[in-house]
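Visitor:
Chains as they are written, first to last, in this note's numbering: chain D, 335 to 445; chain L, 1221 to 1553.
1. What number of angstroms, rounded off, separates the C-alpha of residue 1250 (chain L) from the C-alpha of residue 1523 (chain L)?
2. If you scan the region 1268–1318 of chain L from start to end, which runs of the beta strand (DSSP E) of 3 or more residues do you find wholly inside it?
3. Compute the Euclidean distance between the alpha carbons of residue 1382 (chain L) and residue 1362 (chain L), then round it to the nearest angstrom.
4. Got a sec, what are the start and stop residues for the beta strand (DSSP E) residue 1441 (chain L) sits in?
5. From the beta carbon of residue 402 (chain D), is the nearest beta carbon of chain L less than 8 Å away?
6. Residue 1533 (chain L) by DSSP, collapsed to three states: which one?
7. Helix, strand or coil for residue 1550 (chain L) per DSSP?
8. DSSP three-state call for residue 1355 (chain L): helix, strand or coil?
9. Under 7 Å Cβ to Cβ from residue 1447 (chain L), same chain only, skipping five residues before and after it: list those, please.
10. To be precise: take each residue of the region 1346–1364 of chain L, compare its Cβ to all Cβ atoms of chain D, and keep it if any distance is under 8 Å. Which residues remain?
11. From the beta carbon of residue 346 (chain D), is the nearest beta carbon of chain L less than 8 Å away?
12. With C-beta atoms as the reference, is residue 1256 (chain L) less than 8 Å away from residue 1486 (chain L)?
13. Mind pulling the alpha helix (DSSP H) runs of 4 or more residues that sit fully within the region 1458–1546 of chain L?
14. Does the distance from the C-beta atom of residue 1534 (chain L) to that of residue 1471 (chain L) stay below 8 Å?
15. So what does DSSP say about residue 1377 (chain L), is it helix, strand or coil?
16. Is residue 1439 (chain L) close to chain D? Criterion is C-beta to C-beta, closer than 8 Å.
17. Can you pull out the residues from the region 379–395 of chain D whose beta carbon lies closer than 9 Å to at least one beta carbon of chain C?
18. Closest Cβ-Cβ distance between residue 353 (chain D) and chain L: below 8 Å?
19. Go ahead and label residue 1235 (chain L) buried or exposed: buried means 16 or more other beta carbons lie within 10 angstroms of its beta carbon, across all protein chains shown.
20. Mapping the DSSP letters down to three states, classify residue 1559 (chain L) as helix, strand or coil.
21. Sort L:1404, L:1484, L:1514 by Cα distance to residue 1248 (chain L) and report the nearest one.
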């Protein structure tokens, strides 16, 4: 058993998540490959979206995979950082937007 | 690092299966379609990833005698492509003569040039020589921006390459419907594998046209082979194990079917024969009974020879495969 919950080597085990539920697993990969492969958006654009999502979701496996994929596709460091800032801005906006609930409650409760 | 030391290091792949075990059985060449001549290790650049470890300090250059012997072999046998590499091939004093002679054979002839050298006075005439003899040019450009290209090849090199690409375009190179072919080579600037050739080619084409007015024919994506300076870089930066694991993990059987050693013979500047340029740098000459020098060239014995393999061969079989002509156009796993 690994000493940590997250082990970088576990990324290589990702294709084996079909284990114990192969049908669902294969369907997932079929969907995953279609969703992340080139379509109306390029593979490069999708890799940047995935990188932003990976950082927002705090997934170390996905950050590893998509940083490497972006490098492989010639994405520059500043382009990657810009994508991360989109994720950060969306996260901050999401938090602030929820302040609406707080503001509504304050306005209702305060004299 | 000398070849013996490199091979010793390459033998260590923690957790991985040695290449010979992975492929189960010997690999054989099928023909000699390409004769690749490494005409010298001297170069005006000292690129960080260079498997040849080329640079201005190197003295190894192909002699006129070896060039002549190659011409004899090419004249006598149906080898379709003459592929000239280095170092900077232009720094070999016999290259102009060889190109003019070899052009009479009517074969496909290509030169792997770093292009930056063509800005230097004594080497500028090569542009006309290449044009007159319809030599295909293959130029390394690891990124379509200056930052990464210069990081790998040296400060100011990106700009020099762009200037020469523009000159070559003016001569007709890389233009639609032109017979003057100009290809670019992408290789990763770091310890990762190349992305899809098609996706990178799209990006290169758009950026180079929009930002520099440069056009080209094809983009070849190459995987960096853990040999020479690139191997040293991997070890020094503690990336060796992870990189080898990535190569091994990406092993692709259909790439193995198409590896370039099956159709290429590599000639060293001293006339020794190798299965590829990487084996040349590891001093692994052709073996298993095949004649190992151009002086004793035997077409029948060499075209069906057993290839000499080691763990660096994983670089050519990873993902979509890698060769001097880019990916091997086979499905990745």
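Idealized CB from N, CA, C, for every residue including glycine.
Guide: Quick answer:
1. Within the second chain, numbered from 1, the residue matching residue 1250 (chain L) stands at position 30. Within the second chain, numbered from 1, the residue matching residue 1523 (chain L) stands at position 303. The alpha-carbon atoms of residue 1250 (chain L) and residue 1523 (chain L) are separated by roughly 6 Å.
2. Under the rule that a run must span 3 or more residues, the beta strand (DSSP E) segments found entirely inside the region 1268–1318 of chain L read 1301–1305.
3. Sequence index remark: in the second chain, residue 1382 (chain L) carries index 162 (1-based). Sequence index remark: in the second chain, residue 1362 (chain L) carries index 142 (1-based). Cα to Cα, residue 1382 (chain L) sits roughly 12 Å from residue 1362 (chain L).
4. Residue 1441 (chain L) sits at position 221 when you count from the first residue of the second chain. For residue 1441 (chain L), the enclosing beta strand (DSSP E) stretches over residues 1439–1441.
5. Start at 1 with the first residue of the first chain, and residue 402 (chain D) comes out as number 68. Interface annotation, residue 402 (chain D): in contact with chain L, CB-CB separation under 8 Å.
6. Stepping through the second chain from its first residue, residue 1533 (chain L) is reached at position 313. Three-state DSSP puts residue 1533 (chain L) in a helix.
7. Locating residue 1550 (chain L) in the second chain gives position 330, where the first residue counts as 1. Confidence at residue 1550 (chain L) is low in this model, with a pLDDT of 49, below 50, so the placement of that residue should be treated as unreliable; the coordinate-derived value is given next. DSSP places residue 1550 (chain L) outside both helix and strand once states are collapsed to three, so it counts as coil.
8. The residue given as residue 1355 (chain L) occupies position 135 in the second chain. Annotated three-state conformation of residue 1355 (chain L) is coil, per DSSP.
9. Within the second chain, the letter at position 227 stands for residue 1447 (chain L). Answer for residue 1447 (chain L): 1226, 1271, 1498, 1501, 1502, 1532, listed in chain order.
10. Listed in sequence order: 1363, 1364.
11. Reading the first chain from its first residue, position 12 is the one you call residue 346 (chain D). Any Cβ of chain L closer than 8 Å to the Cβ of residue 346 (chain D) would place that residue at the interface, and such an atom is present.
12. On the second chain, residue 1256 (chain L) is found 36 positions in, with the first residue counted as 1. On the second chain, residue 1486 (chain L) is found 266 positions in, with the first residue counted as 1. In contact: residue 1256 (chain L) and residue 1486 (chain L) (Cβ atoms closer than 8 Å).
13. 1460–1469, 1473–1477, 1497–1501, 1519–1523, all fully within the region 1458–1546 of chain L.
14. To locate residue 1534 (chain L), count along the second chain from 1; it is residue 314. To locate residue 1471 (chain L), count along the second chain from 1; it is residue 251. Cβ distance < 8 Å, so residue 1534 (chain L) and residue 1471 (chain L) count as in contact.
15. Working through the second chain from its first residue, we reach residue 1377 (chain L) at position 157. In the structure shown, residue 1377 (chain L) sits in a helix (DSSP, three-state: H, G or I).
16. Sequence index remark: in the second chain, residue 1439 (chain L) carries index 219 (1-based). Not closer than 8 Å to any Cβ of chain D, the Cβ of residue 1439 (chain L) fails to qualify, so no.
17. Note that chain C does not occur in the displayed structure, where the protein chains are D and L.
18. Counting from 1 along the first chain, the entry for residue 353 (chain D) is found at position 19. Residue 353 (chain D) does not count as touching chain L.
19. Here residue 1235 (chain L) refers to the residue found at position 15 of the second chain. By the neighbour-count rule (16 or more Cβ atoms within 10 Å), residue 1235 (chain L) is not buried but exposed.
20. With chain L covering 1221 to 1553 only, the question about residue 1559 (chain L) has no answer from this structure.
21. In the second chain, the residue the question calls residue 1248 (chain L) occupies position 28. Checking every option, the nearest Cα to that of residue 1248 (chain L) belongs to L:1484.
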